[in-house]
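Trainee: If you scroll down you'll find the structure; I have some questions about it.
There are 2 protein chains.
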Amino acid sequence: MDRVKKTKIKATPRMSRVTIIDVAEQAGVHWSTVSRALNPAKRHLISPEMIERISACVKRLGYRQNAMASALRTQKTRTIGVIVSNLGDPIHPPIVRAIEDRLGEIGYVVFVGNTDNDSMREAALIDRFISQGVDGLIVATFKLKDPLVDKCLLAGVPTVAVFRDPERPEIPSVRVDDAEAMARAVRHLVELGHRKIAHVGGPQNLSTGRNRYRGFRKACKTAFGADSEVIAKFGKAFTVDEGHSACGELLDQHRAITAIVAGNDMLAIGCLSAINHRGIKCPGDISLIGMNDMLFMDAVYPPLTTMHTPSRELGLQAANLLIDMIDGKKIEKGRHILASNLIIRSSASKPN
Amino acid sequence: MDRVKKTKIKATPRMSRVTIIDVAEQAGVHWSTVSRALNPAKRHLISPEMIERISACVKRLGYRQNAMASALRTQKTRTIGVIVSNLGDPIHPPIVRAIEDRLGEIGYVVFVGNTDNDSMREAALIDRFISQGVDGLIVATFKLKDPLVDKCLLAGVPTVAVFRDPERPEIPSVRVDDAEAMARAVRHLVELGHRKIAHVGGPQNLSTGRNRYRGFRKACKTAFGADSEVIAKFGKAFTVDEGHSACGELLDQHRAITAIVAGNDMLAIGCLSAINHRGIKCPGDISLIGMNDMLFMDAVYPPLTTMHTPSRELGLQAANLLIDMIDGKKIEKGRHILASNLIIRSSASKPN
DNA sequence: TGATTTCATGCACACGTTTGTCAACGGGAT
DNA sequence: ATCCCGTTGACAAACGTGTGCATGAAATCA
Chain Z
24 MDRVKKTKIK ATPRMSRVTI IDVAEQAGVH WSTVSRALNP AKRHLISPEM
74 IERISACVKR LGYRQNAMAS ALRTQKTRTI GVIVSNLGDP IHPPIVRAIE
124 DRLGEIGYVV FVGNTDNDSM REAALIDRFI SQGVDGLIVA TFKLKDPLVD
174 KCLLAGVPTV AVFRDPERPE IPSVRVDDAE AMARAVRHLV ELGHRKIAHV
224 GGPQNLSTGR NRYRGFRKAC KTAFGADSEV IAKFGKAFTV DEGHSACGEL
274 LDQHRAITAI VAGNDMLAIG CLSAINHRGI KCPGDISLIG MNDMLFMDAV
324 YPPLTTMHTP SRELGLQAAN LLIDMIDGKK IEKGRHILAS NLIIRSSASK
374 PN
Chain B
24 MDRVKKTKIK ATPRMSRVTI IDVAEQAGVH WSTVSRALNP AKRHLISPEM
74 IERISACVKR LGYRQNAMAS ALRTQKTRTI GVIVSNLGDP IHPPIVRAIE
124 DRLGEIGYVV FVGNTDNDSM REAALIDRFI SQGVDGLIVA TFKLKDPLVD
174 KCLLAGVPTV AVFRDPERPE IPSVRVDDAE AMARAVRHLV ELGHRKIAHV
224 GGPQNLSTGR NRYRGFRKAC KTAFGADSEV IAKFGKAFTV DEGHSACGEL
274 LDQHRAITAI VAGNDMLAIG CLSAINHRGI KCPGDISLIG MNDMLFMDAV
324 YPPLTTMHTP SRELGLQAAN LLIDMIDGKK IEKGRHILAS NLIIRSSASK
374 PN
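Same order as they appear, the protein sequences are chains Z and B.
Residue numbers for the first sequence follow the working numbering, so the first one is 24 and each next one is one higher.
Residue numbers for the second sequence follow the working numbering, so the first one is 24 and each next one is one higher.
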């Protein structure tokens with residue numbers, strides 16, 4: 024009734040939804056009591072029968088806490104932001120899914136945004152998320168030494184990098200051992216008998232692109248000697264198209280190669296298309312290994328031998344890390360590196 | 024300084040970020056002036072040079088509007104919620120992506136949540152989104168006549184159904200013409216010469232599952248006569264596994280069939296696996312048509328003939344519809360139905 | 001029974017905005 | 001000089017919660 028009196032006239036047509044004051048009125052108590060009864064952390068201050076009564080009113084009126092008001096008061100939104108380059112890239116959905124699962128089970132709700140690897144867009148997105156008051160950020164788009172990390176740091180928002188690692192010690196990251204993954208792929212090919220192995224890689228300003236290339240390079244040097252030639256082409260992005268054209272150039276310029284290690288499965292699919300396009304055979308004429316083991320890589324032709332990335336686990340660990348940061352627990356600020364293992368299918372075989 | 028005085032002691036260590044009051048102080052004006060200067064709709068009330076001065080202070084201090092406070096005041100969060108069954112299902116990411124693109128360009132930010140088709144989880148998610156004060160909801164998980172629609176209606180949250188249609192006149196939906204898509208697939212097979220065609224469908228309590236089956240059924244009746252037998256098996260979900268087992272049963276029980284129309288590509292991939300598993304050939308022994316044309320369906324073996332679903336367009340139209348609803352424009356409350364067209368690849372050929 | 005502790009609840013302020021209302025000011029017309 | 005009007009800027013009241021502190025009642029103890 025307090026509220027009703029205060030409105031200028033009764034003209035205000037009760038547009039607002041039911042508030043804590045309404046249920047207090049129903050229950051015949053002060054709303055602060057309702058607030059406490061509804062807050063698990065303060066519930067112990069209230070008598071059980073009162074809690075019961077209030078709960079009944081809550082249910083009857085269909086009361087829902089106003090998260091904005093609560094957030095304004097507590098400075099916590101129970102909201103986190105997830106930033107990916109492109110949800111349409113099959114590597115991301117499982118990560119986002121895992122994050123949402125983990126965070127959802129403790130009452131968080133997640134924003135997602137795409138950047139298309141555009142720094143402007145990424146900066147704007149971070150700003151918007153911070154403005155929304157997210158309690159934390161999980162970012163899969165940081166470039167190496169990305170200055171955007173500062174924006175998060177400056178705002179004091181707990182941030183963890185996932186998948187791509189900006190390699191900035193101020194924030195933790197969760198990723199796969201990219202270099203070792205590529206090295207493993209190379210070793211597999213070497214074991215099969217290949218001696219001319221090329222790399223179709225991704226952008227070198229990304230940890231994924233760079234580390235994978237480095238792993239490839241190192242494994243080649245180890246296998247073929249320090250002054251052996253390292254054959255590689257880089258796409259401007261991890262896309263099928265870029266894989267197709269990079270592989271095309273490779274095939275034209277180096278006729279002797281018998282195997283390709285692609286920087287990821289998208290590039291690998293592009294390689295496959297370039298290979299087919301030229302009428303040569305995989306794995307007959309040329310072997311191919313991808314990375315990530317995206318969905319359906321077992322159904323393509325030929326079924327793709329690839330390095331499996333535990334994407335769900337990436338998301339899970341990133342989420343757990345973030346939760347700990349938000350809760351103020353001391354956490355390992357370093358690199359959290361997961362293993363990627365070889366999935367042998369049919370796209371890589373002995374050279375003929 | 025007002026604020027400083029009011030804090031109990033100066034003990035409060037400036038934990039809060041920079042507020043509108045700080046910039047007002049810097050600019051030497053009242054904060055209401057700052058608010059207006061920053062609000063495009065009210066900016067005309069302020070002199071250009073003042074706007075300039077204020078903007079400078081904003082930039083200098085790195086002020087970011089507190090969305091919670093703003094939302095609390097205006098009852099608008101510029102936030103919308105998107106609900107899907109499973110982001111891991113390749114049909115969803117493009118839809119979500121399109122929604123985020125469209126809404127993002129006008130300053131909205133989107134929540135996403137997964138339900139795994141669990142009504143409890145879905146209800147909880149809707150509650151949580153509403154509690155967060157979303158300005159609108161785009162839901163891809165409604166079942167036929169889903170009572171959860173009422174929850175949204177009751178809360179007065181603009182809601183549009185996408186992909187799956189609850190077929191409730193109170194809310195608009197945008198989807199593909201599922202029945203016609205299946206019919207088109209059947210006609211294609213009939214034209215190729217098939218006479219024994221079966222359906223591997225999805226759950227019949229979903230518009231997608233039911234309409235596709237109906238379209239299949241009707242087309243068969245049209246082609247083979249009203250009292251021809253309609254052969255169909257239904258999976259409990261649109262998954263590869265369900266497709267595999269349903270197709271297995273089909274193959275065991277009906278040896279004469281020469282073609283299968285799957286309810287979607289996931290089921291189709293499952294069918295493919297069941298077919299391969301039995302050592303029969305696709306399309307040699309049995310033709311297969313999927314639906315949706317998910318990513319990589321051109322790279323599987325055999326390249327899948329399928330009905331293309333314009334998923335991006337689905338998301339775009341849903342977003343546009345929602346924007347109009349939020350803006351209070353009168354909109355078409357009915358069904359918005361997009362066409363799905365046949366993509367001919369290699370999994371369907373003449374029967375031998 | 002009176003003093004003291006414990007417990008449940010009420011009070012009021014603060015969180016950071018937006019916005020209706022109004023005062024102040026300056027210029028132009030009479 | 002007076003009056004009026006238009007332009008700017010200031011004020012204060014919400015929006016719905018959380019929470020430290022005060023209060024009152026009941027319970028405990030001497």
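Every residue gets a Cβ at the ideal spot worked out from N, C-alpha and C, and that includes glycine.
A quick note: this is a predicted structure, and the numbers were derived from the prediction, not measured.
(1) Along the chain, where does the alpha helix (DSSP H) that runs through K82 (chain Z) open and close?
(2) Hey, V185 (chain B) and F134 (chain Z): beta-carbon distance below 9 angstroms or not?
(3) Less than 9 angstroms between the beta carbons of M205 (chain B) and A260 (chain B), yes or no?
(4) Pull the bridge partners of I254 (chain Z) from the DSSP assignment, please.
(5) Could you tell me whether any Cβ in chain B is nearer than 9 angstroms to the Cβ of A255 (chain Z)?
(6) Let me know the secondary structure DSSP gives F261 (chain B) once reduced to three states.
(7) Do I103 (chain B) and L68 (chain B) have their C-beta atoms closer together than 9 angstroms?
(8) Would you call the region 192-208 of chain Z in contact with the region 140-156 of chain Z, where contact means no fewer than 3 C-beta pairs closer than 8 angstroms?
(9) Given L215 (chain B), which residues of its chain have a CB within under 6 angstroms of its CB, disregarding the five upstream and five downstream residues?
(10) Rounded to the nearest angstrom, how far is the Cβ of I74 (chain B) from that of R66 (chain B), given a contact under 8 angstroms?
(11) So is M143 (chain Z) buried or exposed if we call it buried at 16+ other beta carbons inside 10 Å?
(12) May I ask you to report which of helix, strand or coil DSSP gives R37 (chain Z)?
(13) Around the C-beta of G313 (chain Z), are 16 or more other C-beta atoms found within 10 angstroms, so that it is buried, or is it exposed?
(14) State the DSSP-derived secondary structure class of T100 (chain B), mapped to helix, strand or coil.
(15) Starting from I366 (chain Z), trace the alpha helix (DSSP H) in both directions and tell me its first and last residue.
(16) In this structure, how does DSSP classify S372 (chain Z) when only helix, strand and coil are distinguished?
(17) Under 9 angstroms, Cβ to Cβ, is there at least one residue of chain B near H359 (chain Z)?
(18) Got a sec: is the Cβ-Cβ distance from M143 (chain Z) to anything in chain B below 9 angstroms?
(19) Measuring only the C-alpha atoms, how far is N89 (chain Z) from P189 (chain Z)?
(20) Cβ closer than 7 angstroms: which chain Z residues qualify as neighbours of R87 (chain B)?
(21) Let me see if you follow: with CB-CB separation under 9 angstroms, is E214 (chain Z) close to chain B or not?
(22) Are the C-beta of R37 (chain B) and some C-beta of chain Z separated by less than 9 angstroms?
(23) So what does H331 (chain B) bridge to, in DSSP terms?
(24) Is the Cβ-Cβ distance between V119 (chain Z) and V132 (chain Z) less than 9 angstroms?
(25) What first and last residue would you give for the alpha helix (DSSP H) that runs through R151 (chain B)?
(26) Would you identify the three-state DSSP class for N287 (chain B), choosing helix, strand or coil?
(27) Could you check which residue in B:H359, B:V52, B:I366, B:F239 has the C-alpha nearest to that of D316 (chain B)?
(28) Can the beta-carbon of H217 (chain Z) be found less than 9 angstroms from the beta-carbon of I254 (chain Z)?
(29) Would you say N287 (chain B) lies against chain Z (beta-carbon separation less than 9 angstroms)?
(30) Along chain Z, which residues have their Cβ under 9 angstroms away from the Cβ of E123 (chain B)?
(31) When the distance is taken between beta carbons, is N234 (chain B) closer than 9 angstroms to D201 (chain B)?
(32) Using only the alpha-carbon positions, how far apart do I283 (chain Z) and D275 (chain Z) sit?
(33) Mapping DSSP to helix, strand and coil, what is N137 (chain Z)?
(34) Is any beta-carbon of chain B found at less than 9 angstroms from that of T100 (chain Z)?
(35) One question on the structure: do P116 (chain Z) and L110 (chain Z) come within less than 9 angstroms of each other, judged by their Cβ atoms?
(36) Between which two residues does the beta strand (DSSP E) holding A184 (chain Z) run?
Mentor: Put simply:
(1) Note, K82 (chain Z): alpha helix (DSSP H), 71-84.
(2) No, the pair does not count as a contact, with Cβ atoms beyond the cut-off.
(3) Between M205 (chain B) and A260 (chain B), the gap from beta carbon to beta carbon reaches 9 angstroms or more.
(4) Z:A221
(5) no
(6) coil
(7) no
(8) no
(9) Excluding residues up to 5 positions away in sequence, K373 lie with their Cβ nearer than 6 angstroms to the Cβ of L215 (chain B) in the same chain.
(10) 6 angstroms
(11) That one is exposed.
(12) Residue confidence is low: R37 (chain Z) scores 35 on pLDDT, short of 50, so the model does not pin down where it sits. Its coordinate-derived value is still stated next. Coil at R37 (chain Z), not helix or strand.
(13) buried
(14) coil
(15) Element bounds for I366 (chain Z): not the alpha helix (DSSP H) but the beta strand (DSSP E), 364-366.
(16) If DSSP states are grouped into helix, strand and coil, S372 (chain Z) belongs with coil.
(17) Under the Cβ distance rule, H359 (chain Z) does not count among the residues neighbouring chain B, no pair being separated by less than 9 angstroms.
(18) Taking Cβ atoms only, chain B never reaches closer than 9 angstroms to M143 (chain Z), which makes this a no.
(19) 37 angstroms
(20) In chain order, D150, I153, S154 make up the part of chain Z whose C-beta sits under 7 angstroms from the C-beta of R87 (chain B).
(21) no
(22) Note that R37 (chain B) scores 34 on pLDDT, short of 50, meaning its location in the model is unreliable and no value can be drawn from it.
(23) Partner(s): B:N315, B:N364.
(24) The Cβ atoms of V119 (chain Z) and V132 (chain Z) lie no closer than 9 angstroms to each other.
(25) 142-154
(26) coil
(27) For the residues B:H359, B:V52, B:I366, B:F239, the minimum Cα distance to D316 (chain B) belongs to B:I366.
(28) no
(29) no
(30) In chain order: L110, V135, G136, N137.
(31) yes
(32) 14 angstroms
(33) strand
(34) yes
(35) yes
(36) Run containing A184 (chain Z): 182-185, per the beta strand (DSSP E) assignment.
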